[in-house]
Each structure stands twice: as structure tokens, then as C-alpha cells.
Amino acid sequence: MSDKNIIRIGMVGYGFMGRTHSNAYNRLANFFPDLKFRPVLKAVCARNKERVQAFADQWGYESIETDWRKLIARDDIDAIDICTPNNMHAEIAIAAAEAGKMVLCEKPLARTVAEAQPMVDAVEKAGVKNTVWYNYRRVPAVTLAKNLIDAGKLGRIFHYRANFLQDWTISPDVPQGGESTWRLDNDAAGSGVTGDLLAHCIDTAMWLNGGIKDVSAVTETFVKERVHTGTGEVQKVGIDDACIFHCHFDNGSLGVFESTRYARGHKAAKTFEINGEHASIRWDLHDLNRLEYFDHRDESMERGWRSIHVTDGDHPYMDKWWVPGLSVGYEHTFIHQAADFFKSLEDDSVCSPTFKEAQETQKVCEAVLDSAKDRQWKDTGVNW
Ligand code: SOE
Numbered sequence: 002m003s004d005k006n007i008i009r010i011g012m013v014g015y016g017f018m019g020r021t022h023s024n025a026y027n028r029l030a031n032f033f034p035d036l037k038f039r040p041v042l043k044a045v046c047a048r049n050k051e052r053v054q055a056f057a058d059q060w061g062y063e064s065i066e067t068d069w070r071k072l073i074a075r076d077d078i079d080a081i082d083i084c085t086p087n088n089m090h091a092e093i094a095i096a097a098a099e100a101g102k103m104v105l106c107e108k109p110l111a112r113t114v115a116e117a118q119p120m121v122d123a124v125e126k127a128g129v130k131n132t133v134w135y136n137y138r139r140v141p142a143v144t145l146a147k148n149l150i151d152a153g154k155l156g157r158i159f160h161y162r163a164n165f166l167q168d169w170t171i172s173p174d175v176p177q178g179g180e181s182t183w184r185l186d187n188d189a190a191g192s193g194v195t196g197d198l199l200a201h202c203i204d205t206a207m208w209l210n211g212g213i214k215d216v217s218a219v220t221e222t223f224v225k226e227r228v229h230t231g232t233g234e235v236q237k238v239g240i241d242d243a244c245i246f247h248c249h250f251d252n253g254s255l256g257v258f259e260s261t262r263y264a265r266g267h268k269a270a271k272t273f274e275i276n277g278e279h280a281s282i283r284w285d286l287h288d289l290n291r292l293e294y295f296d297h298r299d300e301s302m303e304r305g306w307r308s309i310h311v312t313d314g315d316h317p318y319m320d321k322w323w324v325p326g327l328s329v330g331y332e333h334t335f336i337h338q339a340a341d342f343f344k345s346l347e348d349d350s351v352c353s354p355t356f357k358e359a360q361e362t363q364k365v366c367e368a369v370l371d372s373a374k375d376r377q378w379k380d381t382g383v384n385w
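In the working numbering, each number is its position in the sequence shown, counted from 1, plus 1.
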């Protein structure tokens, strides 16, 4: 393989998402051998030299940087992958695009719509490939749901229901700020469950069921004060701990969404159910290889919920993995997104969601937070 088929990755950040993305790059050539381009883990960047070196050694990065500007300035880097807390996304993405690098950004794109705008402008002006890691689209069963909907199997859609429930912030002793708890710090994250968890549900929902037109939401912050890891001070909590909203989709269907980090017993209960005129589908992250499907057109004696184990070779992405009946997991969703990104380089297509598409999700998140604050319905302004 010639050098021009190598995409040299420079990653910023090395937390949980840094691991998922690094794993995806490492697995890609083994499982998607037909791709023309392949990644090389050129450098990883974070402030703490010892820790970033340990990460580089563990995941196979050739070098490290402790200043992301130096990483971007390197001429042996083709693509910048951003795995930092949300408040760093914009500055890094804009600088990377201006330097002519491709940009892959962990979700959510930014903290606000306004912060996302110059990011969209920068990648579009530079004409660089870009994508946002909304990985759950790439669960084979979720992609199968998309294929069934697009094939018209459900008919007119009436209802869309989605949840993303966790329970890891119930204790008031969980601090905010810092490396592992920045998601609780409004300055770093931009919001709580809305930007972190509902953003996933909204991205999946609009991909499956089209644009969300308007929303009415409630949010709650159950723990009002927490210690900040960095300063040691007790601070007011600015994030939403829980959020529930309902909405109208452009296609006339109604949506109900709930997310919380206070649902004791739930670690990552991400689910959706869609009810159409002819058929319904539902999916649950805890059983991610399964898509449940009910078709009213079946013979009445046989009619009922079918449980499709999405592991056949002709199911989305599954020809790349094992043999029928053997499952894939969470990490594969990132490998699939990396594969789709590398494919988009080959055929000069886009790898959805692009920055521009992810900004539409940002619009819904913002309308949700505004609605909860003002206790009013809000138009999202989404253009899907
Ligand atoms: C939060 O706990 C979190 O890690 C999110 O940040 C991820 O995006 C989600 O996929 C799993 O939960």
C-alpha cells in the first residue's frame, strides 16, 4: 500500500472516548480490509505528559504532544480527532480546519448553536472532511431500523419514544469539573443530560424519523451544589440532571423523550420505539443486537412481536464480523463509524452526521433547554 493511502491521525484527549476511537482505528484494517485508506495513529495530545505517553504506549500512537496547537501545526498529521471536554471542541476544530486537516469530533458538536456555527463555517470554508461521532446510528440493528423505515415498512409514523437513563450522579459526593466528572460542570459540558444523552437520542430520532419541529420540555437539577474537583470549592450546579420533552416531528408524528442520571438501576438504558400505521419497531441498547418488529399485515394467527437477531451476513455491517448468530457490541459502533468515514474519503461522499447535520441536533437541544427555562413551546428551527 502506498503512503498516499494512509491517513495520519492526531487525537486530542485520551479519556473514555479517546479509547473508543483509538480502538476503532486499530481494528479498521483487520475487519474492513477493502477500504482504500487506512489510519495510522501518528500522535495523541493531552496536557499531562506521563499520562499521555502511557496512553500512546497502550494504544500504539507513534508520538505525543502536550499542546494541541503543535499537533495541528504538524505536517505529518492529516486528520484531527477531538475527544476533549465539550468546551474545547470549537477552538480545536476551527484551528484544525483552518490548517486544512480533516476533523472528526466527539459528540455533541458544541455547547450551543452559536458555538457550533463557526465550526460549521470553518470546515465548509476549508472544504475538509468532517464528521461527529454519533455512534449509535451504527449499531447494526439501528441501521436495520433505518432501512425498514426507509423501505416504507412502517407506513405513516405516529409515535416516536426514546429514553436514555443512567444513575451515576445520584450521590451528592460526586464532584463536578476535572477529568472524569467534567460532564457535571456546565462550563465544560454546556448542559447536563440534554447535551450528553438526549443529543444521542435526538440524532438517532431525526435520522430515523426526520426533523423535530417544536418542543416542550421540563428539566430538573436534583443536587444543587457540588464540590469542584479543580478548586475544591462548593459550587452551584448548572447542569440539567434530568430532562423530559415532547415534540412534533415534521412528518406529523409525536415524540416523547426522557433522559436522567437519577434512574437507580439504569446504567445506559438507551431505547426507542416507533409506531407506524402498519408496523412498529423497538430497540434497547442492553440487547443491542436485537430489533423487535411487529407487522400488523402478518396473518392474524401468527401476528406478534418478532425478535430479529441482527447478526446475519446480509444485515448492515455484519458481513465484516463473525458468522451468523454471533454478536457485536458497543465498540463496534465506533469501528463502523470509522469505516464509514474512511469510505467517504474513497468515494468523496459525506460521513453523516457532518458538522452541519450535527448542528441541527444542537438546535433541538437548545430549544429543549430554552423551553424548560421559559416554560413554553419552542420552535427548533431545524432544517433536516
Ligand atoms: C455519559 O455517561 C456517556 O459516557 C456519554 O457521554 C456517551 O456519549 C454515551 O454514549 C454513554 O454515556
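Idealized CB from N, CA, C, for every residue including glycine.
In this text the structure is predicted, and so the values were computed from the model without any measurement.
Proximity of residue i and residue j at Cβ, strictly below 7 Å
i, j, result
"lysine 50", "threonine 67", "yes"
"threonine 355", "asparagine 131", "yes"
"lysine 344", "phenylalanine 32", "no"
"valine 104", "valine 124", "yes"
"tyrosine 294", "arginine 304", "no"
"valine 360", "alanine 200", "The residue you asked about is not valine; residue 360 is glutamine in the sequence shown. No; because the gap between Cβ atoms is not below 7 Å, this pair is not in contact."
"valine 45", "tyrosine 62", "yes"
"lysine 37", "glutamate 347", "yes"
"aspartate 168", "arginine 265", "yes"
"alanine 111", "histidine 90", "yes"
"glycine 212", "valine 383", "yes"
"leucine 289", "isoleucine 309", "no"
"glycine 156", "glutamate 278", "yes"
"glycine 11", "isoleucine 81", "yes"
"glycine 178", "aspartate 186", "yes"
"isoleucine 150", "leucine 198", "no"
Same chain only: Cβ atoms within 6 Å of residue i, ignoring 5 sequence neighbours per side
i, result
"tyrosine 318", "Pro141 and His337"
"threonine 362", "Ala200, Ile203 and Asp204"
"histidine 296", "At residue 296 the sequence reads aspartate, which differs from the histidine that was named. Only Ala280 meet the Cβ criterion."
"proline 173", "Val224"
"threonine 144", "Pro317"
Same chain, Cβ closer than 7 Å to residue i, neighbours up to 5 away in sequence not counted
i, result
"aspartate 77", "Arg9 and Lys43"
"glutamate 107", "Met18, Ile83, Cys84 and Trp134"
"alanine 98", "Val104, Ala123, Val124, Ala127 and Val129"
"histidine 267", "Leu166, Gln167 and Asp168"
"serine 328", "Asn290 and Thr312"
"aspartate 375", "none"
Same chain, Cβ closer than 8 Å to residue i, neighbours up to 5 away in sequence not counted
i, result
"valine 216", "Phe246, His247, Cys248, Val365, Ala368, Val369, Ser372, Trp378, Lys379 and Thr381"
"methionine 2", "Residue placement at methionine 2 is poorly supported in this model, since its pLDDT is 47, which falls under 50; the coordinates still yield a value, given next. Here the set comprises Arg39."
"alanine 270", "Asn164, Phe165, Leu166, Gln167, Ala264, Asp285, Leu286 and His287"
N- and C-terminal bounds of the alpha helix (DSSP H) containing residue i
i, result
"alanine 30", "17–32"
"arginine 70", "69–74"
"valine 387", "Shown here, the chain extends from 2 to 385; a query on residue 387 therefore has no answer."
"phenylalanine 356", "356–375"
"glutamate 51", "50–60"
"glutamate 221", "Where glutamate 221 is concerned, there is no enclosing alpha helix (DSSP H), although the beta strand (DSSP E) it sits in stretches over 213–221."
"histidine 201", "200–210"
Run of the beta strand (DSSP E) containing residue i, from where it starts to where it stops
i, result
"phenylalanine 342", "No beta strand (DSSP E) holds phenylalanine 342; the alpha helix (DSSP H) holding it covers 331–347."
"methionine 12", "7–13"
"threonine 381", "Counting along the chain, threonine 381 falls outside any beta strand (DSSP E), and DSSP gives it neither H nor E."
"glycine 244", "Just to set this straight, residue 244 is cysteine in the shown sequence, not glycine. Taken as a continuous stretch (DSSP letters only), the beta strand (DSSP E) holding cysteine 244 covers 243–250."
"arginine 413", "One cannot answer for residue 413 here, as it falls past the ends of the chain, which runs 2 to 385."
"phenylalanine 165", "158–166"
"alanine 44", "39–46"
"methionine 103", "103–107"
"aspartate 188", "Taken as a continuous stretch (DSSP letters only), aspartate 188 belongs to no beta strand (DSSP E), being part of the alpha helix (DSSP H) at 187–190."
Practice task
Would you check if there are 3 or more beta carbon pairs closer than 8 Å linking the region 135–153 to the region 221–231?
Solution key: No, they do not touch.
Exercise for the section: Tell me, please, whether the region 163–180 touches the region 261–274 by the rule of three or more beta-carbon pairs shorter than 8 Å. Expected result: Three or more pairs of CB atoms, one per stretch, sit closer than 8 Å, so the region 163–180 contacts the region 261–274.
Practice task
Count the CB pairs spanning the region 235–242 and the region 184–200 that are closer than 8 Å, and state whether there are at least three.
Solution key: With a cut-off of 8 Å on Cβ pairs, the region 235–242 is in contact with the region 184–200, counting three or more such pairs.
Practice task
Inspect the CB distances between the region 306–316 and the region 59–75 and report whether three or more fall short of 8 Å.
Solution key: No, the region 306–316 does not touch the region 59–75.
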